[in-house]
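A.B. asks: Below is the structure I would like to discuss, written out as structure tokens.
Protein chains in written order, with this note's numbering: chain A, 1 to 91; chain B, 92 to 355.
As structure tokens, this is what we get:
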């Protein structure tokens with residue numbers, strides 16, 4: 001497995017939901033390391049706010065629940081686990 | 092081909108998975124509405140009776156729904172108790188699937204809420220950009236317009252940031268997307284040349300030469316500064332909100348309501 005070095009940064013934002021009131025988000029620049037051109041671009045579309053509101057009637061109630069670490073909630077097959085930071089193109 | 096990054100998965104896969112979770116919640120809600128037996132594992136979630144205003148009291152399947160945005164589940168219900176019951180069903184489904192809910196981030200059920208960054212009031216049908224975000228956008232627009240009028244240029248990164256904010260705003264203001272093209276064009280033209288953050292900060296775009304872009308920014312300035320980009324939605328014949336919007340004059344005299352799409 002070749003090494004891929006991507007510039008890495010961290011964005012720190014104030015958040016009332018974190019213990020130390022700071023939310024940290026890691027950002028990898030896969031364009032700079034040349035990874036992006038080799039990835040398959042899977043299109044996805046999410047409903048816009050105007051589309052969402054078509055499911056609401058007058059005086060309806062709205063509620064919101066969030067999942068923790070959504071992107072890390074899905075098991076990745078063992079064979080694809082090649083390191084702490086990796087990108088797999090396995091079908 | 093399938094892309095996974097780190098130990099997690101990419102958004103299209105997350106969204107598909109989340110939609111499956113959403114469908115389970117909707118299925119259980121539908122069963123409760125019809126008085127049918129619960130899905131396996133969900134029997135322990137208390138049912139709220141029709142008298143108490145729970146899912147059993149729903150007049151139609153349109154009275155409750157759940158929409159999902161990757162990790163964000165939006166429950167929309169006619170009655171307060173139905174929203175609470177959906178919360179409980181959702182919590183049990185997450186638990187069974189091994190997903191962790193951020194319980195402290197639960198919001199609602201309420202009639203005024205922030206959805207996808209916009210604030211919506213289901214009683215008045217008014218959708219608008221929250222004050223703080225609108226103020227940021229207005230200041231940025233004014234900064235670029237003032238620079239153009241002085242014959243100056245703005246960094247690529249500033250214009251890109253403004254374009255990102257306006258693109259988001261355009262999702263809640265119908266007919267506004269056509270006023271993004273001239274703002275985006277100079278960004279696209281040079282983006283391939285700018286491979287790092289420093290280059291993006293130090294590359295200046297001569298906005299004073301771009302009359303069409305300034306015109307579009309002035310349109311956005313009017314829209315956002317007028318009641319924070321308010322869109323008034325109206326109820327259609329099915330009793331649900333539908334898309335209406337404005338483009339020039341509003342009740343305050345600065346924009347006119349134009350009928351977008353309505354069942355009437």
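Cβ atoms here follow ideal geometry from the backbone N, Cα and C, with glycine treated the same way.
Assuming contact is defined by CB atoms lying nearer than 8 Å, are residue 174 of chain B and residue 208 of chain B in contact in what I supplied?
C.D. replies: In this structure, residue 208 of chain B does not lie closer than 8 Å to residue 174 of chain B by Cβ.
A.B. asks: Measure the C-alpha to C-alpha separation of residue 176 of chain B and residue 146 of chain B and round it to an integer number of angstroms.
C.D. replies: Between residue 176 of chain B and residue 146 of chain B, the C-alpha separation is close to 7 Å.
A.B. asks: How would you call residue 277 of chain B, buried or exposed, if buried means at least 16 neighbouring beta carbons within 10 angstroms?
C.D. replies: The residue in question, residue 277 of chain B, is buried, as its Cβ has 16 or more Cβ neighbours within 10 Å.
A.B. asks: Which residues of chain A have a Cβ atom closer than 8 Å to the Cβ of residue 202 of chain B, listed in chain order?
C.D. replies: Near residue 202 of chain B (Cβ distances below 8 Å), the residues of chain A are 59, 60, 61, 62.
A.B. asks: May I ask which residues mark the beginning and end of the beta strand (DSSP E) holding residue 184 of chain B?
C.D. replies: No beta strand (DSSP E) contains residue 184 of chain B, which is instead part of the alpha helix (DSSP H) from 171-188.
A.B. asks: Determine the closest residue to residue 415 of chain B out of B:285, B:251, B:328, with distance taken between C-alpha atoms.
C.D. replies: Nothing about residue 415 of chain B can be read from this structure; chain B reaches only from 92 to 355.
A.B. asks: Leaving aside the five residues before and after residue 159 of chain B along the sequence, list all residues of the same chain whose C-beta is less than 8 Å from its C-beta, in chain order.
C.D. replies: So the list reads 106, 109, 110, 112, 113, 165, once near-sequence residues are dropped.
A.B. asks: In this structure, how does DSSP classify residue 59 of chain A when only helix, strand and coil are distinguished?
C.D. replies: If DSSP states are grouped into helix, strand and coil, residue 59 of chain A belongs with coil.
A.B. asks: In chain A, what lies closer than 9 Å to residue 228 of chain B by C-beta?
C.D. replies: Near residue 228 of chain B there are no residues of chain A at all, since even the closest Cβ is about 16 Å away, more than 9 Å.
A.B. asks: Got a sec? Which residues, its chain only, sit under 6 Å from residue 149 of chain B by beta carbon, not counting five neighbours each side?
C.D. replies: Same-chain partners within the cutoff: 124, 155.
A.B. asks: Assess, as a yes-or-no matter, whether the region 55-65 of chain A is touched by the region 188-203 of chain B under the definition of 3 or more beta carbon pairs within less than 8 Å.
C.D. replies: With a cut-off of 8 Å, the region 55-65 of chain A and the region 188-203 of chain B count as touching, because enough Cβ pairs lie within range.
A.B. asks: Note the first and the last residue of the continuous beta strand (DSSP E) segment covering residue 200 of chain B.
C.D. replies: Residues 198-201.
A.B. asks: With a threshold of 8 Å on Cβ separation, who are the neighbours of residue 5 of chain A within its own chain once the five nearest residues in sequence on each side are excluded?
C.D. replies: So the qualifying residues of the chain are 33.
A.B. asks: Output the residue ranges of the alpha helix (DSSP H) runs that lie fully inside the region 198-257 of chain B and measure 4 residues or longer, sorted by chain position.
C.D. replies: Whole alpha helix (DSSP H) segments, 4+ residues: 222-240.
A.B. asks: Would you call the region 315-325 of chain B and the region 216-232 of chain B in contact, with 3 or more CB pairs under 8 Å?
C.D. replies: Segments in contact, yes.
A.B. asks: Measure the Cβ-Cβ separation of residue 264 of chain B and residue 320 of chain B and say whether it is below 8 Å.
C.D. replies: Yes; because the gap between Cβ atoms is below 8 Å, this pair is in contact.
A.B. asks: Listing by chain order, which chain B residues have their CB less than 7 Å from the CB of residue 4 of chain A?
C.D. replies: None at all; the shortest Cβ gap to chain B is about 11 Å.
A.B. asks: Of all Cβ atoms in chain A, is any one closer than 8 Å to the Cβ of residue 286 of chain B?
C.D. replies: It does; some Cβ of chain A falls within 8 Å.
A.B. asks: Got a sec? Which residues, its chain only, sit under 6 Å from residue 231 of chain B by beta carbon, not counting five neighbours each side?
C.D. replies: Closer than 6 Å at the Cβ level, and outside the excluded window around residue 231 of chain B, lie 253.
A.B. asks: Mind checking which residues open and close the beta strand (DSSP E) that includes residue 282 of chain B?
C.D. replies: Note, residue 282 of chain B: premise wrong, no beta strand (DSSP E); alpha helix (DSSP H) at 272-282.
A.B. asks: Just to check my reading of the structure: residue 35 of chain A and residue 9 of chain A have Cβ atoms closer than 8 Å, yes? What is that Cβ distance to the nearest angstrom?
C.D. replies: With 8 Å as the limit, residue 35 of chain A and residue 9 of chain A do not qualify as a contact, their Cβ atoms being about 16 Å apart.
A.B. asks: Spatial neighbours of residue 161 of chain B within its chain, please: CB distance less than 7 Å, with the 5 preceding and 5 following residues excluded, ordered by chain position.
C.D. replies: Taken in chain order, the residues that qualify are 102, 105, 106, 109.
A.B. asks: Does the separation of the CB atoms of residue 54 of chain A and residue 204 of chain B fall below 8 Å?
C.D. replies: No; because the gap between Cβ atoms is not below 8 Å, this pair is not in contact.
A.B. asks: Counting only the same chain and skipping the five closest in sequence on each side, list residues whose C-beta sits under 8 Å from that of residue 244 of chain B.
C.D. replies: Counting only Cβ-Cβ distances below 8 Å, and skipping sequence neighbours, we find 238, 295, 296, 297, 298, 299.
A.B. asks: Which chain B residues are close to residue 48 of chain A, counting only those with a beta carbon under 8 Å from its beta carbon?
C.D. replies: Result: 207, 262, 263.
A.B. asks: Between which residues of its own chain and residue 247 of chain B is the CB-CB distance below 7 Å, once the five residues before and five after are set aside?
C.D. replies: Taken in chain order, the residues that qualify are 278, 281, 285, 291, 294, 296.
A.B. asks: Starting from the Cα of residue 141 of chain B, find the closest Cα among B:172, B:168, B:270 and give me that residue.
C.D. replies: Measuring from the Cα of residue 141 of chain B, the nearest candidate turns out to be B:172.
A.B. asks: Give me, in chain order, the residues of the same chain whose beta-carbon lies closer than 6 Å to that of residue 116 of chain B; leave out the 5 immediate sequence neighbours on both sides.
C.D. replies: For residue 116 of chain B, where only same-chain residues beyond five positions count, the Cβ hits under 6 Å are 157, 180, 181, 184.
A.B. asks: So which of B:236, B:169, B:226 has the shortest CA-CA distance to residue 305 of chain B?
C.D. replies: Ranking B:236, B:169, B:226 by Cα distance to residue 305 of chain B puts B:236 first.
A.B. asks: Hey, how far is the Cα of residue 137 of chain B from the Cα of residue 129 of chain B?
C.D. replies: Each residue's Cα considered, the two are about 11 Å apart.
A.B. asks: Taking only three categories from DSSP, how would you classify residue 425 of chain B?
C.D. replies: With chain B represented from 92 up to 355, any question about residue 425 of chain B goes unanswered, as that position is not in the structure.
A.B. asks: Decide if residue 14 of chain A is buried, meaning its Cβ has at least 16 other Cβ atoms within 10 Å, or exposed.
C.D. replies: Label assigned to residue 14 of chain A: exposed.
A.B. asks: Quick check on residue 241 of chain B: buried or exposed, where buried means 16 or more other Cβ atoms within 10 Å of its Cβ?
C.D. replies: Per the 10 Å Cβ criterion, exposed.
A.B. asks: Can you tell me the Cα-Cα spacing of residue 69 of chain A and residue 16 of chain A, whole angstroms?
C.D. replies: Using only the alpha carbons, I get a separation of about 17 Å.
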